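Written below as structure tokens is the structure these notes are about.
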């Protein structure tokens, strides 16, 4: 059997399995006539209008509960940091309280005569204690201070302490939350035939409230009202629900109690319909706990994988809110769908087994949606490349669409399971509350374990892809076990369903790629160098088509080996090291590619360099980024934990922790704290740009120390950019702003000091001339002291009026986190923000404390400063791919600096475009545009160098300029010749195909367009070759060359003009 036929049969078999299983499953779920003979008892004690009112109350309860969780998590993350350990302990503490509450509340509900009244009291208690949580958390700060001060704050020790204290604080409100469902279930329970549907309805409505909470908190409330405002809103909803319940209880529960007293005492009974042995029901409860484990594990893995399928929002607060909203929506809709149907099922055990089977298959299939299909679905591209406008609402819609496609079906099925299990396991009568409490508690305990194991066990052992498949197998195994052991089903169908499910899962395993990378490759990023799925992040190193490497974290590029990214990391180290008087210690926030750490170590003054990194996967990839870090961690064998190890003669260590948490509790002070957090839109990066974080930095530097912050220029509207800048200036009034213009970089350096900045030229010259420092700076053409000094833009004092109306970014009002993802994709926002700073560009000379002793240095600095406008104009043109215009601006800057700026000399080589052309080889078709613009730029630069050489009075400079001129002209000539050969070959191939009739009528217009394009580049190449001949003083060759092409292009104005110059 050949491979193609095998593949077709394989897909046919897989499709048949899906159809058979889903058809059987859903036909059973929609049965309506199987329990016609089920016994019906007395009418429900709670009327339908009262039940509906209770549903509205419980909707508010679910909404407020989610608001609390979101706000508490944010508060705890600000204290403990955003490590996986902290997040997991917060989630476990929260859900542990729910489990305890449901267990205790369930037992109490059976003894309470007025459960609705008690529920109302609980909601008010929840509101009051929820408001007190932030204050109580602050009481434990001395304990954390003591742990950090002891020097023995290992991850495990910190995690245990955080869990214990978080649980103590959250235990009261979350225990009360957990007790609400058993209490209301006890209240609304009436006829046995309606028990499961009403409990399922409560669960569905409460989850719907949570859906609203997830959506509104992530998209509206926190952005508008701030964190405290949102918490107060949640408390108001809880109090409203509590008061409404108390009022309703006073008018309803007394009547119900009197009615129940007149009836026969209700004994504890099993649910109606088919009866099952006790051992089987205990097994169902256990499997439901395991399904809770799988559900939370799914959520963690889906959250980690979906970010690779979002085009723009990626791992932002909005994408996470969207994923949580869809997850909870699926649970709510599934529960609501099944609540109205569950009572009609004669054999709920069979239904439960089928639901678990389908959950497993759909969960496994979600992996293939992620791998194969979901990226093709969207409502449109939200970014308009022509206008540079970004449609945020359209991208949010795309995020919701892709999220629904991946996890909509499995979460819907998960939600269906709760009413069915309630029908199976919840006891009627006195044991009702206990049954509900036990059911909810066991599922929640499973969820707690799932939240921990997903990050700490599943991902490290199996990876994301195999982890999702494994979870699918868990659900499928639960389904098979439930079906096979079902004592009420003696038919052969249960064996068939089990076999089909097993076959489908085997097919999934066969089709799963052995080494699948969620980080995608494309025509630009062509090679996966390294890939690591860690507990907190997925890190990968990708090599692009021109040989540079970039390290990505969850699909966001953070560092690399190209000159812009290396300038980023090196400048964070060299600028403070050159400016400070006697720096001995430094803390660099973020490992990246290790470049900043390496640069700090080039200065003998630093006795201690600490790098704090939240994701342990980042340092593990350092060995494939040696062009940036020069083997920084070569001494690490990777077999022993990195934390606690010291390198480079004890001067360097990596601390695995969250920067905010570390700075809040450590007693260590530094001379330099450098923050490099790349994209503000990524995860919780924006909280390292709020006022509280900057104050932590200020408190942890010595009196003569310095805080250096990497501030992005792009990704922000002018208003948001003003907010970010004003926030730093509020903490550091003497802030200075620097832009490293050696490359078209995309960021600023903000320097904050406790006293006004003073720069000593003598000290700077001594340090920068050291061989090891020079070698490091030469890599990015920053080896000239005047170049570094000329990167100064201005101080914050000049912008007080401009930033006056901007808000501060704070913990309570995190404007950057919610506003930056809405704006600023593409280069135009970057250029707009940079232009606003350039317009007020001032000199660095007033900051030079010994300027009078170095007049020649000051003069060169001033020359370099005068060239800044031209350099920035060149950068803007280059970003807009106007290469010829960029070359003219760079040449202007080069002349202003008396041909001394080495970084501009490098810019004039257009190295990135040159690399792309060099790697194209003989086949330049895909990059013919790059060949064209590079050849034109090389010709322009070569001719200008020649003119500069004639005007240069320094013989050595003139000789160098002549050499550079000849090199540029020769390169241009070679490139034009390659273009001409390619154009001739393209013309020949396409013309031959047209003549042979091999191109259909529908394709002919496209081919003619290609011929016209080829003709355009051919003309450019012909003219370029002629100009190069003339530049080399060979007019005869230029004449001969143009004569050869005169017949074909004699009507072209540009061709005719050049012929006239060549005297043809």
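In the working numbering, the protein residues as written are 72 to 1135. C-beta: ideal position from N, C-alpha, C; glycine also. No experiment lies behind these values; they were computed from the predicted model shown.
query: Among 313, 424, 371, 282, which has the Cα closest to the Cα of residue 352?
result: Minimum Cα distance to residue 352 is reached at 424.
message: Between the stretch 805-825 and the stretch 863-879, can you find at least three pairs of beta-carbon atoms closer than 8 Å?
response: Cβ pair count under 8 Å is three or more, so yes.
Three-way DSSP call (helix, strand, coil) for residue 663 in this model: Assigned with DSSP and collapsed to three states, residue 663 falls in coil, not helix or strand.
field: Buried/exposed call for residue 1117, threshold 16 Cβ in 10 Å
entry: Of the residues assessed, residue 1117 falls on the exposed side of the cut-off, its CB having fewer than 16 other CB atoms within 10 angstroms.
- prompt: By a C-beta neighbour count over all protein chains shown, 10 Å radius and 16 as the cutoff for buried, is residue 120 buried or exposed?
  reply: Around the beta-carbon of residue 120, fewer than 16 other beta-carbon atoms lie within 10 Å, marking it exposed.
query: Under three-state DSSP, which class holds residue 707?
result: DSSP places residue 707 in coil when its eight states are reduced to three.
message: Pop quiz: residue 466 and residue 395 are said to be a contact at Cβ under 8 Å. What is the actual Cβ separation, rounded to whole angstroms?
response: Not confirmed; about 17 Å, so no contact.
field: Local Cβ density within 10 Å of residue 886, reported as buried at 16 or more and exposed below that
entry: Buried, by the Cβ-count rule.
- prompt: Over what stretch of residues does the alpha helix (DSSP H) that includes residue 487 continue unbroken?
  reply: Counting along the chain, the alpha helix (DSSP H) containing residue 487 begins and ends at 463-496.
query: Looking at the unbroken beta strand (DSSP E) that takes in residue 1052, where does it start and where does it end?
result: Careful: residue 1052 lies outside any beta strand (DSSP E), inside the alpha helix (DSSP H) at 1026-1066.
query: Going by C-alpha distance, which of 615, 118, 139, 519 is nearest residue 166?
result: If we check each option's Cα against that of residue 166, 519 comes out closest.
message: Please give the ranges of any alpha helix (DSSP H) in the stretch 745-828, keeping only runs that are unbroken, at least 4 residues long and fully inside the region.
response: Along the stretch 745-828, the alpha helix (DSSP H) occurs as fully enclosed runs of 4 or more residues at 762-770, 789-802, listed in sequence order.
- prompt: Should residue 942 and residue 1053 be called a contact, given that it needs their Cβ atoms to be closer than 8 Å?
  reply: Taking 8 Å as the Cβ cut-off, residue 942 and residue 1053 do not qualify as a contacting pair.
message: My output table needs one value for residue 1095: the three-state DSSP class, helix, strand or coil.
response: In the three-state reduction of the DSSP assignment, residue 1095 falls in the helix class, which pools H, G and I.
- request: Tell me, please, whether the stretch 239-247 touches the stretch 361-375 by the rule of three or more beta-carbon pairs shorter than 8 Å.
  value: Judged by Cβ distances under 8 Å, the stretch 239-247 makes no contact with the stretch 361-375, as fewer than three pairs qualify.
field: Through-space distance from residue 844 to residue 674, alpha-carbon basis
entry: When rounded, the distance between both Cα atoms is 7 Å.
query: Excluding the five sequence neighbours on either side, which residues of its own chain have a C-beta within less than 6 Å of the C-beta of residue 107, listed in chain order?
result: Because residue 107 sits at a pLDDT of 35, beneath the cut-off of 50, its placement in the model cannot be relied upon, and the following sentence gives the value as read from the coordinates. Spatial neighbours of residue 107 in its own chain (CB-CB distance under 6 Å, excluding positions within 5 residues in sequence) are not present.
- prompt: Among 507, 434, 278, 364, which one has its Cα closest to the Cα of residue 406?
  reply: Residue nearest to residue 406 within the set 507, 434, 278, 364 is 278 (criterion: CA-CA distance).
- prompt: Which class does residue 339 belong to by DSSP, given the choice of helix, strand or coil?
  reply: With a pLDDT of 47 at residue 339, under the threshold of 50, the modelled position of this residue cannot be trusted, and the question is left open.
message: Tell me the DSSP secondary structure of residue 247 in three-state form.
response: Three-state result, residue 247: helix.
- request: Identify, in the order they occur along the chain, each residue of the same chain with its Cβ nearer than 6 Å to the Cβ of residue 428, setting aside the five sequence neighbours on each side.
  value: If we look at residue 428 and ignore the five residues flanking it on each side, its Cβ neighbours are 547, 550, 572.
- prompt: Is the beta carbon of residue 938 sitting closer than 8 Å to the one on residue 968?
  reply: Cβ atoms of residue 938 and residue 968: closer than 8 Å.
task: May I have the straight-line CA-CA distance separating residue 836 from residue 638, to the nearest angstrom?
output: Between residue 836 and residue 638, the alpha-carbon positions lie close to 20 Å from each other.
message: Could you tell me the alpha carbon to alpha carbon distance between residue 827 and residue 245, rounded to whole angstroms?
response: In this model, residue 827 and residue 245 are separated by some 50 Å (Cα to Cα).
message: Count Cβ pairs between the stretch 759-770 and the stretch 249-262 that sit closer than 8 Å; are there 3 or more?
response: They do not touch, by the three-pair rule.
- request: State whether the stretch 746-756 contacts the stretch 687-695, with contact taken as three or more CB pairs (one from each stretch) at a distance under 8 Å.
  value: Short answer: they don't touch.
Assigned exposure category for residue 981 - 16 Cβ within 10 Å defines buried: So residue 981 counts as buried.
task: Answer yes or no: do residue 523 and residue 533 have a C-beta to C-beta separation smaller than 8 Å?
output: In this structure, residue 533 does not lie closer than 8 Å to residue 523 by Cβ.
message: Please list the terminal residues of the continuous beta strand (DSSP E) segment that includes residue 440.
response: Where residue 440 is concerned, there is no enclosing beta strand (DSSP E), because DSSP gives it neither an H nor an E.
- prompt: Whose C-beta lies closer than 8 Å to the C-beta of residue 1122 among residues of the same chain, with five residues either side of it excluded?
  reply: Closer than 8 Å at Cβ, skipping near neighbours: no residue.
task: Counting only the same chain and skipping the five closest in sequence on each side, list residues whose C-beta sits under 8 Å from that of residue 392.
output: Taken in chain order, the residues that qualify are 285, 286, 288, 289, 290.
- prompt: Buried or exposed: which applies to residue 545, given that a residue is buried once 16 or more other Cβ atoms fall within 10 Å of its Cβ?
  reply: Buried is the call here.
field: Outcome for residue 431 when other beta-carbon atoms lying within 10 angstroms are tallied against a minimum of 16
entry: Its Cβ being crowded by 16 or more others within 10 Å, residue 431 is buried.
- request: Leaving aside the five residues before and after residue 1086 along the sequence, list all residues of the same chain whose C-beta is less than 8 Å from its C-beta, in chain order.
  value: Same-chain partners within the cutoff: 1054, 1058.
query: Roughly how many angstroms separate the alpha carbons of residue 1132 and residue 1112, rounded to a whole number?
result: Taking the straight line from one Cα to the other gives about 13 Å.
message: Considering just the uninterrupted stretch of the alpha helix (DSSP H) at residue 953, what are its terminal residues?
response: First-last for residue 953: undefined, no H or E at that position.
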